[in-house]
Amino acid sequence: PFMIIVNRQTPNHPEKNIPAEYWNEMIREFSKFVGMGGDFEVFTFGDPLKHPPAVHVSDFQTFCSMVANPNCRGVIAPCTGGVYPIFFTGHAKSKLLIVDQNGLVEKHGDSPSFYNNCINFTETTGMVLGHLPDPQSLAIDIRDFIDLKPSRLSRDKW
305 PFMIIVNRQT PNHPEKNIPA EYWNEMIREF SKFVGMGGDF EVFTFGDPLK HPPAVHVSDF
365 QTFCSMVANP NCRGVIAPCT GGVYPIFFTG HAKSKLLIVD QNGLVEKHGD SPSFYNNCIN
425 FTETTGMVLG HLPDPQSLAI DIRDFIDLKP SRLSRDKW
């Protein structure tokens with residue numbers, strides 16, 4: 305099984321970006337739980353992250369194929385268009401966790417451009433965190449949310 309982190313680092317609406325250092329620290333924390341490199345892999349898409357053992361996926365076609373793969377357990381991302389493939393090619397085992405430190409989903413939640421369920425053509429479930437937790441807490445949230453341990457997070461569908 306694997307998960308994909310979508311790293312958004314663009315000058316267009318930079319408030320949506322989450323610093324690469326944050327993602328790298330979260331991957332370090334997450335790797336303590338899952339023994340990365342063995343039974344569970346972490347991939348990144350978008351702007352490359354420097355933390356091994358996460359493997360960077362550089363092209364959109366590969367990313368879309370990976371999201372459709374039955375071994376994909378989750379896509380973790382800030383508010384970004386890079387998550388839309390999961391709504392078209394995801395599956396019941398895949399989860400989408402959006403880290404929305406600016407409250408944009410709550411503000412625009414009825415809009416399809418902010419992940420309204422009307423664009424979810426798969427059985428993908430999702431959750432929005434309305435804040436940016438510390439990297440260790442996010443690593444625990446992800447582990448629980450993608451069913452690597454019993455969850456303490458809500459399992460509400462979109």
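In terms of our numbering, the sequence shown opens at residue 305 and continues consecutively.
Where a beta carbon is used, it is the ideal one built from N, C-alpha and C, also for glycine.
Predicted model only: the values in this text are computed from it and were never measured.
Reduced DSSP category for residue i - H, G, I as helix; E, B as strand; rest coil
{"i": "Phe-347", "result": "strand"}
{"i": "Pro-382", "result": "strand"}
{"i": "Gln-365", "result": "helix"}
{"i": "Lys-397", "result": "coil"}
{"i": "Ile-486", "result": "The displayed coordinates of the chain run from 305 to 462. Any statement about residue 486 would go beyond what the structure contains."}
{"i": "Phe-425", "result": "coil"}
Check whether residue i and residue j have beta carbons under 9 Å apart
{"i": "Tyr-405", "j": "His-360", "result": "Reading off the sequence shown, one finds Gln at residue 405, where the question assumed Tyr. No, the Cβ-Cβ distance between Gln-405 and His-360 is not below 9 Å."}
{"i": "Phe-349", "j": "Asn-311", "result": "yes"}
{"i": "Arg-377", "j": "Ile-450", "result": "yes"}
{"i": "Gly-481", "j": "Val-409", "result": "The requested residue 481 does not occur in the structure, where the chain is confined to residues 305 to 462."}
{"i": "Phe-399", "j": "Val-379", "result": "Sequence check: residue 399 is Lys here, not Phe. Cβ atoms of Lys-399 and Val-379: closer than 9 Å."}
{"i": "Pro-382", "j": "Val-403", "result": "yes"}
Chain-order list of residues whose beta-carbon lies under 6 Å from that of residue i (same chain, five-residue window excluded)
{"i": "Phe-337", "result": "Arg-447"}
{"i": "Leu-442", "result": "Met-330"}
{"i": "Glu-345", "result": "Phe-306"}
{"i": "Ala-358", "result": "Ile-331, Val-346, Thr-348"}
Cβ shell of residue i (< 7 Å), same chain only, five flanking positions each side left out
{"i": "Thr-287", "result": "Absent from the model: residue 287. The displayed extent of the chain is 305 to 462, so no value can be given."}
Beta-carbon separation (whole angstroms), residue i vs residue j, contact threshold 8 Å
{"i": "Asn-328", "j": "Leu-353", "result": "6 Å"}
Proximal residues to residue i (C-beta, below 8 Å), its chain only, five neighbours per side dropped
{"i": "Thr-384", "result": "Val-310, Arg-312, Lys-320, Gly-350"}
{"i": "Phe-425", "result": "Phe-391, Phe-392"}
(message) So, does the stretch 309-328 touch the stretch 426-434, judging by three or more C-beta pairs under 8 Å?
(response) no
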